[in-house]
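From first to last, the protein sequence lines are chains A and B.
Each residue of the first sequence is one higher than the one before, starting from 1 at the first, in our numbering.
Each residue of the second sequence is one higher than the one before, starting from 1001 at the first, in our numbering.
One structure is given here, and the rest of the page talks about it.
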Amino acid sequence: MFKRLMRHRLAVTTLAAIVFLWAFTPTAAIAHPLGNFTTNHFSRIELERDQLNVHYVVDSAEIPTFQVLQAADTNGDGKPSDAELQAYLASIAPQYADGLVLTVDNSRVPLEIEAKQVTTLPGAGGLPTLRVEADFGGPVPRGTTSTAHRLQFEDTNHSDRLGWREIVIAPATGVTVFNSSAFGNPVTDELRAYPQDRLAAPLDERAAELSWTTGAVPANATGLRTREGRPVAQSQGDQLAELIAVQKITPTVALLGLLVAAALGALHAFSPGHGKTVVGAYLVGARGTPRHAAFLGLTVTITHTAGVFALGFVTLLASEYVVPERLLPILSFVSGGIVTAIGLRLFVRRLRAARGKTRINGHTHAPDHGHNHTDHDHAHDDHADQSHGHTHVHSHGGQPHSHLPPGADGTPVTWRSLLALGISGGILPCPSALVVLLSAIALHRIGYGLLLVVAFSIGLAATLTSIGLAFVYAGGFIQRSRLGKIDNRLVRLLPVASAFVIMCLGAVICYEAVASTGLNLFAVKPAAAAQIGEVTPGVAPPFASLGGLAVLGLGLVFGLKHATEVDHVVAVSTIVSEHRNLARAALVGAWWGVGHTTSLIIVGTVVLALGVAIPEYIATWLEFGVALMIIGLGAVAVARARRGRFKFAQAQRQRSQVHIHRHDHDSRSHAHLHFHESDRQHTRMNRSHSHTIKHVGLKPLIVGAVHGLAGSAALTLLVLTQIQSPVVGLLYLAVFGLGSIVGMLLMSGLIGLPFALSARKLTGINYRLQTIAGVLSIAFGVWYAYRISSDSALATLFAATQIAHH
Amino acid sequence: MKINDLRYSSTAVLTSVVVLGMAALSFYAYHNWQLSPATKSATMPSTLNNTATDPIRFMENRVKQDPEDFVALNKLAGYYLQRLRETGNVAYIDLTARAARASLTAVPAEVNSGGLAALAQTEFASHNFAAARDHALQLTTLDPGKSYPYQMLGDALLELGNYEQAIAAFKQMEQRNKIGGSVSVETRQARLALLQGNPDSAQQHFSNALAFARNLPLRPPETLAWCHWQLGETAFAIGNYEIAEQHYRNALMAFHGYFNALASLGRVRAARGDLPGAIQQYEEAVRRLPDPTFVAALGDLYKLAGNEKDAAAQYALVEEIGHLSVVNGTLYNRQLALFYADHNLKPEVAYTNAKQEYAVRRDIYGADALAWTALKAGKLTEAQVAIKQALRLGTQDAKLFYHAGMIARAAGDQAAAHDFLQRALTLNPQFDPLQAVVAKKALAE
């Protein structure tokens, strides 16, 4: 049971995460995190240039409310009337103001009541809860010479009562907070929604200390942070927004404003997240020209301007329904997605191109492009002894061609890709540009505002274009240099690497976008784990309320992760090592996923239909079978590599005889360059050479099925115990399976990369890689088998790490 | 060819050695890395006044980074339990339960005795004593050499009224206690002495426990306060009000605002005739923790002071607390039943509640609650049977004697009634501000 749980705790967490998401959907009544005894406090300290405000909320749970209302019930009718509540508010608000001790540079700031409000809300057991809100304000003391101020705050109200105590720091635009003991992000939406999910003791923030300034922040100061430790974005005084607010617009002022806006845009492009690296990587890989760079700049300008306008109008028209902050991560995600897609496409194409290039003399001929370099030497045979096993030129339908791109290196710049890249760079509107537009509208200076935004966008584009150009020239320089000429492979692989970088950056942008929404997939897990025990028997988590997308997303994510489990990866890697084609390698993974999912669903159906769980001893034997299978796969891979390498070595020793060898497969005619000694050798070589394995075959399918079978025992058990509805259970399995297919497809593609790259040129290394994969697999299989058979050994190890009990 | 083969096999051997080494290393690292401190959270600025919760935040961050870090989860459960003991806030029961369950989900109980112990303690704290007993029993097989499983087993058995087995479990606990004596051993011996009607011995054991607590590395304030408070309770039970008050004050010195001592100080102030002081103490205690016992006592004191309106408000609050949540219902069931019986309210409800609880939890105070509520509900025979059970250990408790006396009186056994009431008032003349008055009146008749 233990091993299975360890292996499939992922499944546990998936289920738990789903349950958690369901549980997280807001419910009508507030449940106080500390129970119904509590009096909960929220203080938001708002720092403005010359004013300090405290937004203060006291949320009393049922019992303190009961006590308060009994005291406030002056007419004795047992119910709080509005007048009674207002009288209570009038008496409590000054007390609260006194209880908030706010000092700046060691002198106390008197707090005035600016607004106050009291409400009762329905709570548990038919009792009301009480919510008092107040805004207090006080001036920033004058006459201090230092530009930075030190603020201290303490909430001494109800200090002996239990409760949640939260302090949030909110600096206004132009005010920068640093060295703060308090944090910048609220947790409870002003005590309206307490985190029910987390394994977390309630906040107990009774006091705060911080420094703030409207000028320059001293070096080595720590900026305001969120509770998760991330820095809070603080505008260092929004210079752009200030441009719009000038008293009177004269032509000089306007021109100056536009120039400043452009400069700000240019500077802004240097801040993270505008795909500078992406642009550079693309252009250098694609051998772009200055014309391309300029086009890119234009696209960025137009997209960014349009983006700001669009978001601005959305904000104006739909501000009732959509918060701009919600849109930004989505746009960011879209931009990341575009980048990833471009990267992926380029990567695949360039990789194919790089692999297809087997010549060493730096050029090739593609008849269909009409080139005819008759002055070049085509006697490949002359070079054969100093290079690879075989070179091949093959023909489809009688037209011989080489699998090489038309350009000298990498793929050509396509306008379409450029456009997409430009859009991705400009789609994310800069928040300060948005502020300009909105304030322009507010000030009825729309035309000027638009001009400023355009100027800003041009500045932005200028920077991006310059960076792109810099990359273009740098790339050209490398190519022309001796370095490039000596190691042709470097130049050839550069585009591949740059495409890979683009892909990775796209993924990072996507991840950042998701993370900025606060939906941290890794943070969901602990809550989920904590929640797993809370599932009430007989209550099925309603998937419907979760939304199809969310289930799909979660299933995919966990399926993806599931595919990367060690025993899966090891088994697949041995099979992948036999293939020298990336597509086939990926197909191996996909087949594995299909096998895995199929057996999961078959067993799952049986288990759910019959309501029986698989006995533990059978599960253990299945696990053991997986271990043996992995050992077997490893042995096969090693044996294969040995045989292949042996022949390769033989061939190398006897490479004096080289000849071109024509044959057909799949109705294509191939030409191979071969070196071997005798006819006997020839036939054998021919058999083993075979472009490696043509068909992916059933092997990965069967291996996946065995994995799925072994895993299904624990998984279905979980599904049975955690999810009551069989339909929901199967849906979950299907989504999980889909994730594992995609995950293993990517994984095996990644594993296949070194095998594919080393297949043609570096046969020796390829065999060595195969051997390593095989040996690794055997070692892992042995260890895995040992782990399964010796639970007691594991138990001892765990006992050793146990801490002494209290 | 031979050279090639040799080279090949040496490569293979080398590779396998490296691979096996890495596998072993990663296996080792996987199971031990939890113990290494996370450096990330250490660099975060800490909130002021948060030193008490710092280890909790630290462990919570660990769990956030690795939800299956069962070592951190077990630690966290321990910290939450400590907070529960310090504040009396039942919300920590829920947090402890979550941590314990998450720990046991990550690593099953068979190899995770810390998680199981946390679960058993949670069950104990939420008055699910049968489950606590079963899990403690499981722990004794998982960790047979340790004393703590037997301590937890004994505690649960004691609450369930299974005194013989509880004594046996505590014996096992003592035998496994390697240090010779400890706070936990002494407090269990004191508990048994109290139940068996030996307050002097209990006093001695609590004093020993206090001495041991003072010698503990960090002199845990809550443990010190608890020992002082228990000494005070023992002194109060035999009418030593001055000594009791001193102990309560010591408890508050050891742990500022300790809710148990605050309330008990109010009770002893009332016993010594300082009604306004008593009210002030109870008001503070109720602000800190509206435990229904405290609230009811405050209501009684208001009533004594002639403040009927405030008394009624407190009584209303007592009833609400029990109804607010399932947890509250379980935790305060007995207090609520006794409150009803003491104030001649809802006799049937009180009786039913007490009877239901006694069906699963047959300790002497459960029997006492049943007897007292049965009397008020007019079920005299049942009250007589139950009070016999309540007195079976020979416990010296004025309230038990008072209830026994009132039952005997209702049954017409004047001699026994006189005897019991006399014993109650001799032992602890001011055992309860309202009920002592009733007892005196009954005795005078």
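Glycine residues also receive a C-beta, built at the ideal position from the N, C-alpha and C atoms.
Computed from a predicted model, the values in this text were never measured in an experiment.
Considering only C-alpha positions, which residue in the set A/L738, A/A71, A/I423 and A/K699 is nearest to B/R1312?
-> The displayed chain sequence assigns Ala, not Arg, to residue 1312 of chain B. For the residues A/L738, A/A71, A/I423 and A/K699, the minimum Cα distance to B/A1312 belongs to A/A71.
Report the partner residues of A/V54 according to the DSSP bridge assignment.
-> A/I45 and A/F136
Straight-line gap, A/T606 to A/E623 (C-alpha atoms, nearest Å) = Per the sequence presented here, residue 606 of chain A reads as Val, with Thr not at that position. A/V606 and A/E623: Cα-Cα distance of roughly 19 Å.
In terms of residues, what are the limits of the beta strand (DSSP E) holding B/Q1356?
-> Where B/Q1356 is concerned, there is no enclosing beta strand (DSSP E), although the alpha helix (DSSP H) it sits in stretches over P1347 to V1360.
Have a look at A/G604 and B/A1354 and give me their C-alpha separation to the nearest angstrom.
-> 47 Å
So is the beta-carbon of A/G774 under 7 Å away from any non-hydrogen atom of the ligand HEM?
-> Among the components of this structure there are no ligands whatsoever, and the ligand HEM is therefore not found.
Selected residue, minimal CA-CA separation from A/V706, among A/K116, A/L745, A/R640 and A/V572 = A/V572
Report yes or no: do the segment 1285 to 1297 of chain B and the segment 1316 to 1332 of chain B share at least 3 C-beta pairs separated by less than 8 Å?
-> yes
For B/L1084, which residues of its own chain have a beta-carbon under 8 Å away from its beta-carbon, when the five flanking residues on both sides are left out?
-> V1090, Y1092, I1093, T1096 and A1125
For A/R161 and chain B, any beta-carbon pair shorter than 8 Å?
-> yes
Within chain A, the residues that B/L1216 reaches when beta carbons sit closer than 9 Å | Neighbours of B/L1216 on chain A: none; closest Cβ ~12 Å, over 9 Å.
At which residues does the alpha helix (DSSP H) containing B/H1228 begin and terminate?
-> P1221 to A1237
When the cut-off is 8 Å and only beta carbons count, does B/E1086 lie next to chain A?
-> no
The beta strand (DSSP E) spanning A/T103 covers which residue range?
-> L100 to V104
How would you label A/Y786, buried or exposed, when you count the other beta carbons within 10 angstroms and need 16 or more for buried?
-> exposed
Report the residue ranges of all alpha helix (DSSP H) runs contained in full by the segment 1227 to 1292 of chain B; include only those spanning at least 4 residues, in chain order.
-> 1241 to 1254, 1259 to 1271 and 1275 to 1288
Take the Cβ of A/W621 as the centre, count every other Cβ of all protein chains shown within 10 Å, and call the residue buried at 16 or more, exposed below.
-> exposed
Flag this pair as yes or no: are the beta carbons of A/R227 and A/N185 separated by less than 8 Å?
-> yes
Check whether the segment 206 to 218 of chain A touches the segment 162 to 175 of chain A, counting contact only when three or more Cβ pairs, one atom from each stretch, lie closer than 8 Å.
-> yes
Helix or strand or just coil, what does DSSP make of A/T301?
-> helix
Applying a beta-carbon distance threshold of less than 7 Å, which residues of chain A neighbour B/I1321?
-> I63
Kindly indicate which three-state DSSP category B/N1112 falls into: helix, strand or coil?
-> coil
Beta-carbon separation of A/G808 and A/E62 under 8 Å?
-> Within the shown structure, residues of chain A are numbered from 1 to 806, placing residue 808 of chain A beyond reach of any answer.
Is it true that the segment 1199 to 1218 of chain B meets the segment 1158 to 1176 of chain B, where meeting means three or more beta-carbon pairs spaced less than 8 Å apart?
-> no
Return the CA-CA distance between B/K1399 and B/K1376, expressed in angstroms with no decimal places.
-> 15 Å
DSSP three-state assignment for B/K1146, whether helix, strand or coil | coil
Could you tell me which of A/P202, A/A208, A/V636 and A/V217 sits nearest to A/Q152, measuring between CA atoms?
-> A/A208
So what does DSSP say about B/Q1422, is it helix, strand or coil?
-> helix
Opening and closing residue of the alpha helix (DSSP H) in which A/T38 lies | First-last for A/T38: undefined, no H or E at that position.
May I have the straight-line CA-CA distance separating B/F1401 from B/A1383, to the nearest angstrom?
-> 13 Å
Would you say the segment 1203 to 1222 of chain B touches the segment 1230 to 1241 of chain B, given that touching needs at least three Cβ pairs under 8 Å?
-> yes
Which residues, in order along the segment 115 to 148 of chain A, keep a beta-carbon less than 9 Å from a beta-carbon of chain B?
-> G123, A124, G125, G126 and L127
Proximity winner among B/Q1280, B/Q1230 and B/A1416, relative to B/S1207 (alpha-carbon distances) | B/Q1230
Under 8 Å between the Cβ atoms of A/T156 and A/V104?
-> no
Whole-angstrom C-beta distance between A/A637 and A/S777, which should lie under 8 Å = 7 Å
When the Cα atoms are used, what is the spatial distance from B/E1086 to B/P1429?
-> 31 Å
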